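Reminder that position 152 of the sequence shown reads as 145 in my numbering, one-by-one numbering, no gaps.
Accompanying notes for the structure given below.
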Amino acid sequence: MIYKKGKFFVIYGSNNLGKSTLSKGIAHYLEWGGFPVRYIKYPVYSLKPTGPQINAYLRKGNPKKLTMFAAQKIYAQNRRDFEPKLIDTINRGISVIAEDYIGTGIAWGMTKNVSQELLEQINSNLLDPDLAILVDGNRFNSGIEPNHTHESLNELWQTNRQIHLELAKKYNWKIINTNKPIKKVLQDALLHILPLLKNRFV
């Protein structure tokens, strides 16, 4: 059986909204249904040198004292460095479910008062997804990392949530409510994804 080019799906949302659970759930469902699929999470921490730099910024107290804009340039480079592998995967007929991507960087940069125009510039010419879904709702406190720069302050999180919603309108992301049973959230996401996977065979 020969597959056409894969699709690129992105799951967006503020932290602690079940993005990982949903993204992996989508990948497992598609795999069960016979679709070649791969789950990835941005940033790609294993990708040197940018991955370890981002991890230090987020979880080790920002030892290099990076500004938000400087950090977002590293995030963008991480996406750019991984892109050849992403494109190769899609060209081999494998669909990709990505947790976070360009919009994540734009949202967090704007949350810390970096201009949207600058953030769009540093992320320009990266591969656009075939579909982006924003998960929105009240955060799950059980998933909060106490030493994570983007998770420890609730006011910051609320601001970021609103910016994600604004970006969803601008970039035409689909929005689903994550404060439901996980099976229902998965069903809501698949309603948007499955139509794009029709006629996947040559």
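Backbone N, C-alpha and C fix where the C-beta goes; we use that ideal spot for every residue, glycine too.
All values derive from a computational prediction rather than experimental measurement.
Exposure label - residue i; buried when at least 16 CB within 10 Å
i	result
Asp121	exposed
Asn9	buried
Which listed residue (the options) has its alpha carbon closest to that of residue i
i	options	result
Ile33	Ile83, Lys191, Ser108	Ile83
Leu160	Leu146, Ile19, Ile99, Val178	Ile99
Tyr149	Trp101, Lys177, Tyr164	Sequence inspection shows Leu at residue 149; the Tyr mentioned does not correspond to that position. Ranking the options by Cα distance to Leu149, first place goes to Trp101.
Thr97	Phe75, Ala125, Pro77, Lys78	Ala125
Leu40	Asp123, Asn116, Tyr68	Tyr68
Lys0	Lys17, Trp25, Val30	Val30
As assigned by DSSP and simplified to three states, the class of residue i
i	result
Leu270	Outside the modelled stretch of the chain, which goes from -6 to 195, sits residue 270, for which no answer is possible.
Arg73	helix
Lys167	strand
Lys57	coil
Arg132	coil
Lys34	strand
Leu120	coil
Leu146	coil
Leu160	helix
Leu15	helix
heavy atom of the ligand PLP below 8 Å from residue i C-beta
i	result
Gly6	You won't find the ligand PLP in this model; it holds no ligand whatsoever.
Within the stretch 59 to 118, ranges of the alpha helix (DSSP H) (whole runs, at least 4 residues) | DSSP runs (the alpha helix (DSSP H)) wholly in the stretch 59 to 118: 61 to 84, 95 to 104, 109 to 115.
Please determine if the stretch 73 to 88 and the stretch 168 to 185 are in contact, where contact requires at least 3 C-beta pairs separated by less than 8 Å.
-> The answer is no - the stretch 168 to 185 does not touch the stretch 73 to 88, with fewer than three Cβ pairs under 8 Å.
Would you check if there are 3 or more beta carbon pairs closer than 8 Å linking the stretch 21 to 28 to the stretch 107 to 121?
-> By the C-beta criterion, the stretch 21 to 28 is judged not to be in contact with the stretch 107 to 121, since fewer than 3 inter-stretch pairs fall below 8 Å.
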